[in-house]
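Be aware that the sequence shown starts at 1, since it is given in full-length UniProt numbering, and climbs by one per residue.
Just so it is clear, CB atoms sit at the ideal spot from N, CA and C, and this is done for glycine as well.
As the structure is a prediction and not an experimental result, all values here were calculated from the model.
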Amino acid sequence: MELNSIEQIQNYFLEREANFMTKLEKKKIRFSKSGTFVFSIFLIMISTFIKCNYHYYVEKNISENAPIPNLPKVKITYIGFRPYETEITKSSAETRVYTANLVYPDRTVFKFQNGVYASDLKAVGYRKDVSSDKVKKFVQDYLNEVKESGVLELTYVTSVEKKGEERIFKLKDIGTDYYVLGIHTPAFQTPKHFGSSVIQLFSSVFSVLSFGLIPSYASLQAGTEIKIYDKNLNQLTSMKYDHGYSVLGAIWASSVPEECSRMKCNSLKQVSSPPKFVYQEYGPQFESDIVSFIQTQFPFRK
1 MELNSIEQIQ
11 NYFLEREANF
21 MTKLEKKKIR
31 FSKSGTFVFS
41 IFLIMISTFI
51 KCNYHYYVEK
61 NISENAPIPN
71 LPKVKITYIG
81 FRPYETEITK
91 SSAETRVYTA
101 NLVYPDRTVF
111 KFQNGVYASD
121 LKAVGYRKDV
131 SSDKVKKFVQ
141 DYLNEVKESG
151 VLELTYVTSV
161 EKKGEERIFK
171 LKDIGTDYYV
181 LGIHTPAFQT
191 PKHFGSSVIQ
201 LFSSVFSVLS
211 FGLIPSYASL
221 QAGTEIKIYD
231 KNLNQLTSMK
241 YDHGYSVLGA
251 IWASSVPEEC
261 SRMKCNSLKQ
271 VSSPPKFVYQ
281 EYGPQFESDI
291 VSFIQTQFPF
301 RK
């Protein structure tokens, strides 16, 4: 029996949930009702931040006009490069549980000059020369990072066949030379370090007390890991990028990007995920490095 539906494949990974359910997927926030005073402060904060604009400072590592070489004879397949979105999955009087899921069909890099996304390809069968264990490791490595919401992404390149109690992992034949896997971090918006948390806390308090005249400030983490595999799922390299960003919020601040006016991109919400545009600026840098690495591989080696 072959497990072709997303629901069936999810059932397999749910059996492993206890092994990889970490803070990346769920984060408990304790919320207590402590009387009228706290509620009044909360109302003041809401009325203040509704009027605030947010200016995001995101660095670019490469000029958007920098030329990227064409590799017409190489077939590159991209997997991942999706942002997260946070939602409340459980709520009670004492506890809220937040879950960060990958967003479909959003991509942080809409299109690459060389290659296409796996979701845009059609398989012509299965690769019989790639072992089940190797495919299983590839699947587990990805899900250990992005959790259950990554199952749909994996159905574009893999499937699971059940034979009795055994499960056979199979790689779809999509005629590619390289797989490029992109994973963004963190799933939840996170200060760069403890000092950043302190600055964010106190600047938020003073911003509220000044009704948005004193700016709030946050210095936050953002990163990307790109893994390149050959056509047989042998990992060739891993590239890591640190592109942290900062946010200033005030009633007088300019909105950058434009959609971040009037709290629409509020980085100071209790729990949220980094916005997609934080990673979008790095598309040219990602592809430049990917192409440079592939050019060092056979048959491009000089």
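Just tell me which of the options has its CA closest to the CA of residue i.
i: His184; options: Met239, Lys162, Thr95, Val271; result: Met239
i: residue 367; options: Val97, Tyr217, Ala250, Asp129; result: The requested residue 367 does not occur in the structure, where the chain is confined to residues 1 to 302.
i: Gly175; options: Gly283, Ala253, Val74; result: Val74
i: Leu121; options: Arg167, Thr158, Ala100; result: Thr158
i: Tyr54; options: Asn114, Gly150, Ile214; result: Ile214
i: Glu87; options: Ala93, Ala100, Thr95; result: Ala100
i: Gln113; options: Pro275, Thr224, Pro257, Ala66; result: Ala66
i: Ser132; options: Gly150, Gly115, Phe169, Glu153; result: Phe169
i: Leu152; options: Tyr178, Lys134, Ala123, Leu102; result: Leu102
i: Phe110; options: Pro186, Thr296, Gln280; result: Gln280
i: Val116; options: Tyr241, Ile251, Ile228, Tyr179; result: Tyr179
i: Pro186; options: Glu259, Gln297, Phe81; result: Phe81
i: Arg167; options: Glu145, Val146, Asn144, Lys136; result: Lys136
i: Gln297; options: Glu259, Thr237, Leu201; result: Thr237
Suppose contacts are defined by Cβ-Cβ distances below 8 Å. Is residue i in contact with residue j by that definition?
i: Glu59; j: His243; result: yes
i: Lys172; j: Tyr126; result: yes
i: Ile76; j: Ala118; result: no
i: Pro71; j: Phe138; result: Here residue 71 is Leu; the residue named in the question, Pro, does not match the sequence. Their beta carbons are not under 8 Å apart, which means Leu71 does not touch Phe138 by this criterion.
i: Pro105; j: Lys276; result: no
i: Gly150; j: Tyr142; result: yes
i: Ser196; j: Gly249; result: no
i: Ser273; j: Glu85; result: yes
i: Leu220; j: Pro191; result: yes
i: Ile68; j: Ser254; result: no
i: Gln235; j: Tyr229; result: yes
i: Ile199; j: Cys52; result: no
i: Asp177; j: Lys231; result: yes
Counting C-beta neighbours from all protein chains within 10 Å, is the total for residue i 16 or more, i.e. buried, or is it exposed?
i: Tyr57; result: exposed
i: Phe188; result: buried
i: Lys28; result: Here the model assigns Lys28 a pLDDT of 36, short of 50, so the residue's position is not dependable and the matter cannot be decided.
i: Val278; result: buried
i: Phe130; result: Per the sequence shown, the amino acid found at residue 130 is Val instead of Phe. With 16 or more Cβ atoms within 10 Å of its Cβ, Val130 is classed as buried.
i: Phe286; result: buried
i: Leu181; result: buried
i: Thr108; result: buried
i: Gly283; result: buried
i: Ile294; result: buried
i: Thr224; result: buried
i: Ala222; result: buried
i: residue 304; result: This structure does not reach residue 304, given that the chain is present from 1 up to 302, and the question cannot be answered.
i: Ser204; result: buried
i: Leu154; result: buried
i: Val146; result: buried
i: Lys90; result: exposed
i: Ser34; result: For Ser34, the predicted structure reports a pLDDT of 40, less than 50, and the residue's modelled location is therefore unreliable. A value from the coordinates is still provided. Exposed, since its Cβ has fewer than 16 Cβ neighbours within 10 Å.
i: Glu25; result: Its pLDDT being 39, under 50, Glu25 is placed unreliably by the model, and the measurement read from it follows with that caveat. With 16 or more Cβ atoms within 10 Å of its Cβ, Glu25 is classed as buried.
Any heavy atom of the ligand PLP closer than 7 Å to the CB of residue i?
i: Val291; result: Absent from the structure shown: the ligand PLP. Ligands present: none.
Kindly say whether residue i, judged by its beta-carbon, lies nearer than 8 Å to any beta-carbon of chain B.
i: Ile79; result: Here there is only one protein chain, and chain B is not present.
Runs of alpha helix (DSSP H) wholly within the region 130 to 170 (minimum 4 residues, chain order): Every alpha helix (DSSP H) of 4 residues or more that sits fully in the region 130 to 170 is shown, in chain order, as 132 to 146, 151 to 154.
If we require 3 or more residues per run, which beta strand (DSSP E) segments fall completely within the region 222 to 280? Fully enclosed beta strand (DSSP E) runs of 3 or longer: 223 to 230, 235 to 242, 245 to 250.
Could you tell me whether the region 162 to 177 touches the region 244 to 256, where touching means 3 or more Cβ pairs closer than 8 Å? Short answer: they don't touch.
My parser needs the beta strand (DSSP E) runs of 3 or more residues fully inside the region 68 to 114; what are they? Secondary structure in the region 68 to 114: the beta strand (DSSP E) runs of 3 residues or longer, each lying completely within the stretch, are 76 to 80, 84 to 91, 95 to 102 in chain order.
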